[in-house]
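Peer 1: My structure is below; once you've seen it, I'll send some questions.
Numbering (my numbering), first residue to last: 14 to 185.
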């Protein structure tokens, strides 16, 4: 912004008008960015809601109810939908490793917390699609969790505090 010259009121009005236009442009830009963030949030919420309501089928011909440990690490083709449909029938699973499954997202950890309540040990290290929000939800909603392998930057302060209260070891 420029300095006003009190000796020339016409010039001062022109300066104020230019500054007001610039401020209006900045406000429009911020409003546009905010609208984009709202749209992205709406789409993400809608995607998660849809996935949680998906009618998932048990794996054809597979009895996974007695399965206790499952290691799917570094499976580059594993998607949320596939993992969720598999885990629906894994009620007694207590250890899961999906380290390096880059296509898994927060949707997978939300479903883990809902489908596999007996999980004690989970490795989601290097799962690029998962972030601090997903990890926090998982820690807060996994009653038997005792060990979690995850990158340190994906553990929020809330998750870290909750983990310490529940005696969950977080390994980064």
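Ideal Cβ placement from N, Cα and C applies to all residues, glycine included. None of the values given here were measured: they were computed from a predicted structure.
1) Measuring only the C-alpha atoms, how far is residue 149 from residue 96?
2) If we ignore side chains and look at the alpha-carbon of each, how far apart do residue 102 and residue 77 end up?
3) Just the C-alpha distance for residue 34 and residue 146, rounded to the nearest angstrom, thanks.
4) Please report the straight-line C-alpha distance between residue 94 and residue 142, rounded to a whole angstrom.
5) Taking just the CA atoms, how far does residue 25 sit from residue 170?
6) If you run the structure through DSSP and keep just helix, strand and coil, what is residue 170?
7) Thinking just about the alpha-carbon of each residue, which of 32, 37 and 177 is nearest to the one in residue 152?
8) Tell me the start and end of each unbroken alpha helix (DSSP H) in the stretch 68 to 149 that is at least 4 residues and wholly inside, in chain order.
9) Can you give the beta carbon distance from residue 160 to residue 184, rounded, assuming they're within the 8 Å contact cut?
10) Below 8 Å on the Cβ atoms is my guess for residue 116 versus residue 91; work out the distance and round it to an integer in Å.
11) Buried or exposed for residue 119, going by 16 or more other Cβ atoms inside 10 Å?
12) In whole angstroms, what is the alpha-carbon distance linking residue 71 and residue 144?
13) Can you list, in chain order, the residues of its chain with a C-beta nearer than 6 Å to that of residue 134? Leave out the 5 residues immediately preceding and following it.
14) Give me the DSSP bridge partner(s) of residue 162.
15) By the three-class DSSP mapping on this structure, what secondary structure does residue 157 have?
16) Mark residue 48 as exposed unless 16 or more other C-beta atoms lie within 10 angstroms of its C-beta, in which case mark it buried.
17) How big is the Cα-Cα spacing for residue 165 and residue 125?
Peer 2: Quick look at the numbers:
1) 20 Å
2) 6 Å
3) 39 Å
4) 14 Å
5) If I take the Cα positions, the gap works out to 51 Å.
6) Of the three classes helix, strand and coil, the one that applies to residue 170 here is helix, per DSSP.
7) 177
8) 93 to 100 and 119 to 128
9) 7 Å
10) 6 Å
11) buried
12) In this prediction, residue 71 scores a pLDDT of 39, lower than 50, which makes its location untrustworthy; the coordinate-derived value is nonetheless stated afterwards. Each residue's alpha carbon lies about 28 Å from the other.
13) Annotation for residue 134: 108 and 160 place their beta carbon closer than 6 Å to its own, counting only its chain and skipping 5 residues before and after.
14) 136 and 184
15) coil
16) Exposed, since its Cβ has fewer than 16 Cβ neighbours within 10 Å.
17) 20 Å
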